[in-house]
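Step one of this worksheet: look at the structure below.
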Amino acid sequence: MNWKSKRSVLIALGAVCLVVFVGGMVAAWNNRHHTICPDHKPPVAQRGGLLGQTEYRCHDGRVVTTAS
8 MNWKSKRSVL
18 IALGAVCLVV
28 FVGGMVAAWN
38 NRHHTICPDH
48 KPPVAQRGGL
58 LGQTEYRCHD
68 GRVVTTAS
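Counting from 1, position 28 in the sequence shown corresponds to residue 35 in our numbering; the numbering is continuous, with no gaps.
Here it is in structure tokens:
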């Protein structure tokens with residue numbers, strides 16, 4: 008590959024972006040049924056906790072903490 012050619016570099020960069028984009032779509036598709044709350048509903052509220060953790064409040068009042 009000729010790294011001094013702008014066209015080659017842009018095509019390689021576009022290919023890398025496309026691969027990362029498709030990988031993100033596949034990851035989202037595989038995790039589409041994964042929910043944070045045990046009742047499989049989206050959380051009511053969220054807030055940042057200590058040390059980079061995120062706290063989610065579920066419909067039943069339960070607080071679930073996840074690492075971000």
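Ideal placement from N, C-alpha and C gives every residue a C-beta, glycine not left out.
{"Item": "Given a cut-off of 7 Å on the beta-carbon distance, is the pair Q53 and T42 in contact?", "Value": "no"}
{"Item": "Report the residue from K48, G59, G55 whose alpha carbon sits nearest the alpha carbon of H66.", "Value": "K48"}
{"Item": "Does R14 come out as helix, strand or coil in the three-state DSSP assignment?", "Value": "helix"}
{"Item": "For R54, write down the residues that DSSP places opposite it in a beta bridge.", "Value": "E62"}
{"Item": "The beta strand (DSSP E) spanning T72 covers which residue range?", "Value": "70 to 74"}
{"Item": "In this structure, how does DSSP classify N38 when only helix, strand and coil are distinguished?", "Value": "coil"}
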